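Chains as they are written, first to last, in the working numbering: chain A, 1445 to 1560; chain B, 1445 to 1560. Just so you know, even glycine gets a beta-carbon here, dropped at the ideal spot from N, CA and C. Note that the structure is predicted; figures quoted are calculated from it, not measured.
Protein chains: 2
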Amino acid sequence: MELMATIADDLKLLGDKTRLTMLALLQQREWCVCEFVEIFNMSQPSISQHMRKLKTAHLVKEDRRGQWVYYSLNIKDKPHIQAVLSSLPAPADIVRKMGREESIVVCDPETSSCAL
Amino acid sequence: MELMATIADDLKLLGDKTRLTMLALLQQREWCVCEFVEIFNMSQPSISQHMRKLKTAHLVKEDRRGQWVYYSLNIKDKPHIQAVLSSLPAPADIVRKMGREESIVVCDPETSSCAL
DNA sequence: TTAGTATATAAGCATGTACTTATATGGAAA
DNA sequence: TTTCCATATAAGTACATGCTTATATACTAA
């Protein structure tokens, strides 16, 4: 039953508060690394390493646009992950409770800056 | 958002092949430790330690009857766990693939033996 | 090219995990 | 009681995890 092992490995990735929240937020829209750094109030390498794990497990897709890398969900073929994410609070509610009333991070191609 | 942390901690427990399978099997019926020892082909302390984690997280209840301890699911108030378990293969299919065609472990109060 | 920004990777460290073996506890039978 | 069986706990160990700091890479703009 290596299927159970595969599912367990996926769930292990969701067994971290940061990654679980990331996936929850990605249900709403794509996010770039600099936004996650801001909203999670964590170091950039830490965020980057979490995203690498999610990407390696094929739970997210990455899309580089200019100097920014945007991540989006990639769980169409993973009902167990969908099941978990569906049972979580709505992304907007999570964002609301994460310190900022709303995400006001801007990755602006005009000014080429990622700032509040 | 400590709710997310709580859910993540629950999911962390499901992020282990053995515990995930245990919970999947417990959907079908209650199981005693000696049955798990047989079907998982693992040491008794290892099984016992997994059950303690599940019990500490209130994901299972224990019921001692004679010298045996039976465990059953306790996730009525945990929709995220229910969501995961619902997405898994049926318990009978899991058992079928675990080496024995069916569980023929017997915890027999008459002979007071737990054997095949 | 050079400088600046965004992201990724590497290495180190503290902590957590899942097993092992050995031993303790709890209950049933003699 | 003593013995046996089922289960729990303790201690040790190998490995995994999540962070940190430092550095490398990728891209943009001047």
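Inset, instruction - Kindly indicate which residue of F1484(A), D1507(A), Q1493(A), K1522(A) has the alpha-carbon position closest to the one of S1516(A). - result: Walking along the first sequence from the start, residue 1516(A) turns up at place 72. Of the candidates F1484(A), D1507(A), Q1493(A), K1522(A), the one whose C-alpha sits nearest the C-alpha of S1516(A) is D1507(A).
Inset, instruction - Report yes if the CB atom of V1504(B) is closer than 8 Å to the CB atom of I1491(B), and no otherwise. - result: To locate residue 1504(B), count along the second sequence from 1; it is residue 60. To locate residue 1491(B), count along the second sequence from 1; it is residue 47. No.
Inset, instruction - Any chance you could list the beta strand (DSSP E) runs of at least 3 consecutive residues sitting entirely within the stretch 1472-1560 of chain B, in chain order? - result: 1504-1509, 1512-1517, 1550-1552, 1557-1559
Inset, instruction - Would you mind sorting A1501(A) into buried or exposed? The rule is 16 or more other CB atoms within 10 Å of its CB. - result: Position 57 of the first sequence, counted from the first residue, corresponds to residue 1501(A). By the neighbour-count rule (16 or more Cβ atoms within 10 Å), A1501(A) is buried.
Legend entry - Rounded Cβ spacing between M1448(B) and K1461(A) (contact assumed at less than 8 Å): In the second sequence, counting from the first residue as 1, residue 1448(B) sits at position 4. In the first sequence, counting from the first residue as 1, residue 1461(A) sits at position 17. Contact flag correct, Cβ pair sits at about 6 Å.
Inset, instruction - Verify the CB distance criterion: does A1449(A) have a CB-CB separation below 8 Å to chain B? - result: By one-based count along the first sequence, residue 1449(A) stands at place 5. Chain B, which has a Cβ nearer than 8 Å to the Cβ of A1449(A), makes this yes.
Legend entry - Unbroken alpha helix (DSSP H) run spanning D1454(B), endpoints: Here residue 1454(B) refers to the residue found at position 10 of the second sequence. Where D1454(B) is concerned, the enclosing alpha helix (DSSP H) stretches over 1446-1458.
Inset, instruction - Output yes if chain A places a C-beta closer than 8 Å to the C-beta of I1519(B); else output no. - result: Against the second sequence, residue 1519(B) aligns to sequence position 75. Chain A contact via Cβ: absent.
Inset, instruction - Find out if the Cβ-Cβ distance for the pair I1451(B), L1464(A) is shorter than 8 Å. - result: On the second sequence, residue 1451(B) is found 7 positions in, with the first residue counted as 1. On the first sequence, residue 1464(A) is found 20 positions in, with the first residue counted as 1. The criterion of a C-beta distance shorter than 8 Å is satisfied by I1451(B) and L1464(A).
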